Amino acid sequence: MTKKAFKYAMQRGLGSCVLELQHTRDIEKYQSIVLWGCSRDMAYDTQCEGCRSFYLYELITQFPDKTPFLDVIEKRLFQSMHSTGWEFAQDSELLAYFALDGNERARKIMKNCYDTLFQVLLKKRRRRKYGLLPERDNFEWLCDDFINVCSNDRTLLIKLYKKIVKDSGTLIKENELYDFFDFEQFQSKCEERLGKKTVYRLLYRSSADEATKAYARSMEDDFNERKAKQAEWKSIYPESADEVYELLKNGGKVGQIGQALPLMYGYNLMRQNKQKEVVKLAAYYKNEKENDVRYNLLKLLANKRCAWALDVARLIADSKSENDDFASWAFNVLSDIRSAKVREYALELLQNGMHRTEALAMLAVNYEQTDKDFLINAVKHLPVTYEDGEWHWVFRAVMDIFSGPPKQKPKELLRYMYENTLCSSCRVDIVKEMGRRRMLTEELLAELQYDCNKNIRAYAKKKQSRKASSPL
């Protein structure tokens with residue numbers, strides 16, 4: 085494998101990189117590339133994929149000397165502790181894997197970072213714009229990773245829980261910036277690992293110090309406040325399409341704090357089997373003359389569960405809106421609708437070189453056998469980069485083809501998308517479709533077991549074990 089090919093595959097989180105490091109006679113040739121990977125957030129979409137820390141850890145552990153990698157990780161951890169983003173989370177999690185493996189340096193780095201962040205948080209006096217406080221977010225990530233390090237030792241985990249609760253309680257008690265909500269993720273994780281009974285016994289023990297008591301009081305106050313807000317919201321929440329329309333005509337805000345209707349409103353109506361209300365909202369959208377009101381109606385219905393109810397002609401007209409956001413919402417829905425009109429519109433856009441991504445997504449949903457060669461060629465010509473997300477939308481639309489009517493599918497795109505997608509979450513569906521079509525060779529199954537995505541690794545191991553136990 086060339087260095088260029090290795091870096092390309094590593095950016096995508098492919099298992100071929102781990103296999104290459106295991107079998108190459110010149111592992112040092114790849115060291116600078118793996119170090120480069122350690123110096124940035126490797127995931128394409130961390131919220132969907134999670135951090136790619138374990139993948140990086142597997143790459144790093146193939147090298148005899150881990151020192152250069154730990155040097156980079158330590159330096160970056162302390163640099164990113166004041167930053168938003170996922171760099172800190174990746175580095176913290178990476179160190180946790182090292183610590184779990186018995187690396188004392190990694191454990192010390194985590195401990196030093198914890199102490200530093202705790203002091204920073206004690207001295208904080210205000211949040212950033214939009215209420216951001218990255219140091220608090222990163223502190224919680226670090227606490228979660230400490231839990232992972234101690235997960236195999238219940239006694240140690242209890243000791244850790246008591247310490248972090250005491251420190252969190254100190255922050256709550258001495259700095260008005262914080263309350264229980266700032267540490268809720270840590271609390272939930274400990275309840276999951278230790279059990280709620282154990283956790284509450286530790287919180288409310290008679291010998292609890294003042295900081296722990298402050299933590300427990302804040303938890304109770306936050307839960308009570310949340311229940312009160314939920315009850316208030318439920319009492320004023322509009323339940324019918326008529327009420328929603330009236331609300332939007334009058335500004336669209338609910339309650340004393342002026343809360344906007346959630347974008348999942350239409351989706352939730354479908355979940356509650358209130359299709360008639362969705363049809364009413366769709367009719368209001370079709371006939372509404374005021375652009376702002378129609379735009380807000382569309383946002384409530386712009387999802388796969390509601391797309392069937394929306395008027396295609398109205399959507400096509402709104403996709404030509406001078407308001408880019410309005411046009412984007414209309415295109416989003418059109419790419420979920422199977423209709424001859426949508427297909428015709430997609431082909432028209434492609435012929436005119438307009439809205440290529442949206443048109444390809446619409447064409448994929450309305451795929452016909454005659455489109456196969458054209459679609460394959462068009463998809464392969466989309467640039468796959470971090471900066472340009474057009475390919476991501478189109479790749480997902482292509483996968484919808486395989487769940488559609490039984491036509492001649494463009495299966496040639498499966499291997500192409502597997503090798504090129506930057507999103508490992510999308511790759512899960514691609515791999516499973518390849519499995520259904522018997523496209524997973526022994527070589528590919530071996531590679532999949534080192535993929536950055538844990539679901540792909542688990543799927544490959546299961547698939548391989550089935551093959552091994554099969555008498556044929």
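The sequence shown runs 85 to 556 under this note's numbering. Yeah, the Cβ is synthetic: ideal placement off N, Cα and C, and Gly gets one too. Please read these numbers as outputs of a predicted model, since none were measured by experiment.
Quick check: does the Cβ of residue i come within less than 8 Å of any heavy atom belonging to the ligand SAM?
i, result
"Glu-177", "For the ligand SAM, the structure offers nothing, since it holds no ligand at all."
Restricting to Cα atoms, I'd like to know which of the options is closest to residue i.
i, options, result
"Leu-524", "Asp-535, Lys-538, Gln-548, Gly-253", "Gln-548"
"Ile-111", "Asp-402, His-465, Phe-147", "Phe-147"
"Trp-413", "Lys-246, Leu-394, Ile-117", "Leu-394"
"Leu-466", "Ile-485, Tyr-429, Asn-504", "Asn-504"
"Glu-104", "Lys-545, Glu-531, Asp-263, Met-518", "Glu-531"
"Ile-144", "Asp-420, Phe-458, Tyr-181", "Tyr-181"
"Ser-403", "Trp-392, Ala-386, Cys-390", "Ala-386"
"Met-354", "Ala-367, Asn-371, Asp-408, Leu-384", "Leu-384"
"Phe-264", "Glu-158, Asp-229, Glu-304, Asn-232", "Glu-304"
"Arg-211", "Ile-485, Asn-232, Thr-168", "Thr-168"
"Ile-540", "Arg-550, Asp-513, Arg-522", "Asp-513"
"Arg-520", "Ser-508, Gln-533, Ala-544", "Ala-544"
"Arg-522", "Glu-496, Asp-149, Met-126", "Glu-496"
"Asp-376", "Lys-546, Gln-359, Ala-411, Lys-364", "Ala-411"
"Arg-310", "Glu-171, Phe-415, Glu-268", "Glu-268"
"Glu-526", "Cys-507, Ser-508, Arg-550", "Arg-550"
"Asn-236", "Leu-261, Lys-250, Arg-277", "Arg-277"
"Lys-91", "Lys-546, Asn-537, Leu-506", "Leu-506"
"Pro-152", "Arg-189, Cys-274, Asp-457", "Arg-189"
"Ala-445", "Tyr-500, Glu-474, Asp-457", "Glu-474"
"Val-463", "Phe-138, Tyr-500, Ser-252, Lys-388", "Tyr-500"
"Ser-116", "Tyr-429, Ser-137, Lys-150", "Lys-150"
Alpha carbon to alpha carbon, how far is residue i from residue j?
i, j, result
"Gln-81", "Lys-493", "With the chain represented from 85 up to 556, any question about residue 81 goes unanswered, as that position is not in the structure."
"Gln-435", "Leu-447", "12 Å"
"Leu-381", "Leu-216", "30 Å"
"Pro-322", "Leu-331", "8 Å"
"Ala-542", "Leu-347", "34 Å"
"Ser-315", "Val-204", "Here residue 315 turns out to be Ala, not Ser, going by the sequence shown. Taking the straight line joining both Cα atoms gives about 37 Å."
"Asn-334", "Arg-427", "37 Å"
"Phe-270", "Arg-285", "17 Å"
"Asn-187", "Val-482", "44 Å"
"Cys-510", "Thr-254", "43 Å"
"Gln-340", "Thr-441", "Per-residue confidence for Gln-340 stands at a pLDDT of 42, beneath the threshold of 50, marking its modelled position as unreliable; no derived number is given."
"Gly-342", "Val-328", "Interpretation of Gly-342 is limited by its pLDDT of 44, a score under 50 that renders its predicted location unreliable; no figure is taken from the coordinates."
"Leu-459", "Gln-356", "37 Å"
"Arg-209", "Phe-172", "22 Å"
"Phe-162", "Leu-226", "12 Å"
"Tyr-451", "Glu-177", "42 Å"
"Asp-132", "Phe-415", "Per the sequence presented here, residue 132 reads as Cys, with Asp not at that position. Straight-line Cα distance between these residues: approximately 23 Å."
"Lys-491", "Leu-140", "40 Å"
"Glu-471", "Val-283", "44 Å"
"Thr-170", "Thr-130", "The sequence as given places Trp at residue 170; Thr does not occur at that position. Cα-Cα distance, rounded: 7 Å."
"Val-478", "Met-165", "35 Å"
"Val-363", "Ala-443", "26 Å"
"Arg-160", "Val-417", "41 Å"
Buried or exposed, going by whether 16 or more other CB atoms sit within 10 Å of the CB of residue i?
i, result
"Ala-298", "buried"
"Ser-290", "exposed"
"Lys-88", "exposed"
"Phe-307", "exposed"
"Gln-174", "buried"
"Thr-239", "exposed"
"Glu-374", "exposed"
"Met-438", "exposed"
"Ala-424", "exposed"
"Thr-469", "exposed"
"Ala-391", "buried"
"Glu-406", "exposed"
"Asp-455", "buried"
"Asn-259", "exposed"
"Gln-99", "Going by the sequence as given, residue 99 is Gly instead of Gln. Its Cβ being crowded by 16 or more others within 10 Å, Gly-99 is buried."
"Asn-537", "buried"
"Thr-350", "The amino acid at residue 350 is misidentified as Thr; the sequence shows Gly. Label assigned to Gly-350: buried."
What is the C-beta distance between residue i and residue j, in whole angstroms, given that I count them as a contact (C-beta under 8 Å)?
i, j, result
"Tyr-379", "Arg-398", "Contact flag wrong, Cβ pair sits at about 12 Å."
"Glu-219", "Leu-201", "6 Å"
"Val-102", "Ser-123", "With 8 Å as the limit, Val-102 and Ser-123 do not qualify as a contact, their Cβ atoms being about 19 Å apart."
"Ile-248", "Ser-302", "With 8 Å as the limit, Ile-248 and Ser-302 do not qualify as a contact, their Cβ atoms being about 14 Å apart."
"Met-94", "Gly-121", "6 Å"
"Leu-498", "Glu-517", "6 Å"
"Leu-184", "Met-194", "Incorrect: roughly 11 Å between the Cβ atoms, too far for contact."
"Ser-419", "Val-449", "6 Å"
"Asp-535", "Gly-97", "6 Å"
"Ala-325", "Glu-361", "5 Å"
"Lys-243", "Thr-296", "Going by Cβ atoms, the distance from Lys-243 to Thr-296 rounds to 13 Å, so no, they are not a contact pair."
So within the stretch 512-553, which uninterrupted alpha helix (DSSP H) runs reach at least 4 residues, ignoring any that extend past its ends?
Segments of the alpha helix (DSSP H) lying fully in the stretch 512-553: 526-532, 538-553.
Margin query: At 4 residues or longer, what runs of the alpha helix (DSSP H) sit wholly inside the stretch 397-441?
Written below: Counting only runs of 4 or more, we get 408-418, 424-435.
Let me know the beta strand (DSSP E) ranges lying completely inside the stretch 148-182, each 3 residues or longer, listed in chain order. Counting only runs of 3 or more residues that sit fully inside the stretch 148-182, no beta strand (DSSP E) segment turns up.
Enumerated in chain order, which unbroken segments of the alpha helix (DSSP H) with a length of 4 residues or greater are wholly contained in the stretch 231-267?
Runs found: 238-258.
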